[in-house]
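Residue numbering for the sequence shown follows the UniProt record's numbering, starting at 1 and increasing by one per position.
Where a beta carbon is used, it is the ideal one built from N, C-alpha and C, also for glycine.
What follows is a set of notes on a single structure, which appears directly below.
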Amino acid sequence: MSANNRMKAYDLIKLLQERMNESIIGQENIVERLIMALLADGNMLLEGLPGLAKTRAVRAMSKIINSDFRRIQFTPDLTSADVTGSEKMYEENGEYKFRFEEGPIFGNIILADEINRAPAKVQAVMLEAMEERQVTVAGKAYELPKLFIVLATQNPIEQEGTYPLPEAQKDRFLMHVKITYADMESELKMIRLVREERDNLSRVVDNRRIPKEAIFAARREIAKVKMSEEIERYIIALVYSTRFPLRYSKQLNIFIEVGVSPRATLALEQCSRVYAWLHGRDEVVVDDVKAIIHDVFRHRLVMSSSAELNEKTNDDIIDLILEQVPAPGDEEREMREKLKMEREKRELASGGSKDG
1 MSANNRMKAY DLIKLLQERM NESIIGQENI VERLIMALLA DGNMLLEGLP GLAKTRAVRA
61 MSKIINSDFR RIQFTPDLTS ADVTGSEKMY EENGEYKFRF EEGPIFGNII LADEINRAPA
121 KVQAVMLEAM EERQVTVAGK AYELPKLFIV LATQNPIEQE GTYPLPEAQK DRFLMHVKIT
181 YADMESELKM IRLVREERDN LSRVVDNRRI PKEAIFAARR EIAKVKMSEE IERYIIALVY
241 STRFPLRYSK QLNIFIEVGV SPRATLALEQ CSRVYAWLHG RDEVVVDDVK AIIHDVFRHR
301 LVMSSSAELN EKTNDDIIDL ILEQVPAPGD EEREMREKLK MEREKRELAS GGSKDG
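If you want it as structure tokens, here you go:
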């Protein structure tokens, strides 16, 4: 791809981000993570209290992209056929035949609303769709579209009528992102935006839709983002600190019950590339890895009972991992600090200060 085409793909993705931020006030991090999941070709779990724009954010993205958006409201009585579709019988020339009618899973951007309310059989269907990019009905496999992403939501406080997501399914989510309240200024802007929408006040609206090809072009560019062996080894060290925590500290060993899977390694590598590309870099740096590790590890790390007794969260443990695992360049920085301190001590000892 030429430099001009590359800029076109990058500019279109930044336009997507800009327009989403105009629609979703005060949730820039969520907007960025949604776009990251799209570019990384991965699924995402959004967790937050009601009213924090989870559904609105996904809808906004689907409206801006020239895509087929489907929303599935998960409930305890939802069936597999409600998701996948089913075979319907019809008559033709006096003969009865069956044809497959697609369900809502056959879209590009799938909003799986309150996914933890679905029973086990429906969860199994979602697992196949997310992992295999296909669904099986009556023994026959049906491929899902090339552009396919599941953006699932769940409410952290309502437990009645919910089913905990199986660990295998949670592992299929590229990231698990927590949504928090917007700040006061953002809430003020939100009031005005909703009032404008309600009253149909005239606003300059950009109705251009971003083509799917821009997504695929961006993915090709992201695949070319460089990653040094130092960064690769750092990613592996972060992963291994969850599996063999005693190698790093006794505290980590006490707090971690089960470490992250190999999918976490791949997800951290891919998300680091996407993050670097979104921020205009053609090579991954340490800060790219640190910026997204919480969202990649959060749902994959299993805490011990000791961690729960100490009121630790998965995010607390990930913070500890970042403290315990040396990053590329840490030794060099420590050496510079050590030399600086030694120089200052020598200056003080020799009366090298201006007051001396």
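R19 versus I64 - alpha carbon distance: Whole-angstrom Cα-Cα distance: 8 Å.
Validate contact between the segment 27-42 and the segment 271-291 using beta carbons, cut 8 Å, 3 pairs: With a cut-off of 8 Å, the segment 271-291 and the segment 27-42 count as touching, because enough Cβ pairs lie within range.
With DSSP run on the structure shown, which of helix, strand or coil describes R273? Helix, per DSSP.
Got a sec, what are the start and stop residues for the alpha helix (DSSP H) I234 sits in? For the record, residue 234 in the displayed sequence is Tyr; it is not Ile. For Y234, the enclosing alpha helix (DSSP H) begins and ends at 229-243.
Coil, strand or helix - M20 by DSSP: Here M20 sits in helix by DSSP.
Y240 to L320 span [Cα, whole Å]: Using only the alpha carbons, I get a separation of about 14 Å.
Could you give the distance in angstroms between the alpha-carbon of E101 and the alpha-carbon of V83? Cα to Cα, the separation comes out at about 11 Å.
Along the chain, where does the alpha helix (DSSP H) containing K121 start, and where does it finish? According to the DSSP assignment, K121 belongs to the alpha helix (DSSP H) that extends over 120-132.
Write down the C-beta distance between T153 and T55 rounded to the nearest angstrom, noting that I regard them as a contact closer than 8 Å. Right, their Cβ atoms sit about 7 Å apart.
Would you say the segment 311-318 touches the segment 289-302, given that touching needs at least three Cβ pairs under 8 Å? Judged by Cβ distances under 8 Å, the segment 311-318 makes contact with the segment 289-302, as three or more pairs qualify.
Taking 8 Å as the cut-off, decide whether the C-beta atoms of I24 and A57 are in contact. Yes, they are a contact pair.
Taking the alpha-carbon positions, what's the T136 to Y142 distance? T136 and Y142 have their C-alpha atoms some 6 Å from each other.
List the endpoints of the continuous beta strand (DSSP E) containing T153. In the DSSP assignment, T153 falls within the beta strand (DSSP E) that extends over 149-154.
By the three-class DSSP mapping on this structure, what secondary structure does R208 have? The answer is coil: DSSP assigns R208 none of H, G, I, E or B.
Identify every residue that forms a DSSP beta bridge with Y96. Its beta-bridge partners are E91.
Ordered along the chain, which non-local residues of its own chain (more than five positions away) have a Cβ less than 8 Å from that of K226? So the qualifying residues of the chain are D282, E283, V284.
Are the segment 73-90 and the segment 116-132 in contact at 8 Å, needing three or more beta carbon pairs? The answer is yes - the segment 116-132 touches the segment 73-90, with three or more Cβ pairs under 8 Å.
Would you decide whether D183 is buried or exposed? Buried here means 16 or more other CB atoms lie within 10 Å of its CB. A residue is called buried when at least 16 other Cβ atoms come within 10 angstroms of its Cβ; D183 does not meet this threshold and is exposed.
DSSP three-state assignment for K146, whether helix, strand or coil: In the structure shown, K146 sits in coil (DSSP, three-state: anything other than H, G, I, E or B).
Between E221 and A9, is the Cβ-Cβ spacing less than 8 Å? Less than 8 Å separates the beta-carbon of E221 from that of A9.
Start and end of the alpha helix (DSSP H) containing V225? For V225, there is no enclosing alpha helix (DSSP H), as DSSP marks it with neither H nor E.
CB contact flag (F69, G107, <8 Å): The criterion of a C-beta distance shorter than 8 Å is satisfied by F69 and G107.
Around the C-beta of P245, are 16 or more other C-beta atoms found within 10 angstroms, so that it is buried, or is it exposed? Classification of P245: buried, given that the 10 Å Cβ count is 16 or more.
C-alpha distance - K140 paired with E128, whole-angstrom precision: Near 13 Å, if we compare the C-alpha coordinates of E128 and K140.
8 Å Cβ cutoff met for Y234 and P328: Taking the C-beta atoms as reference points, P328 is found nearer than 8 Å to Y234.
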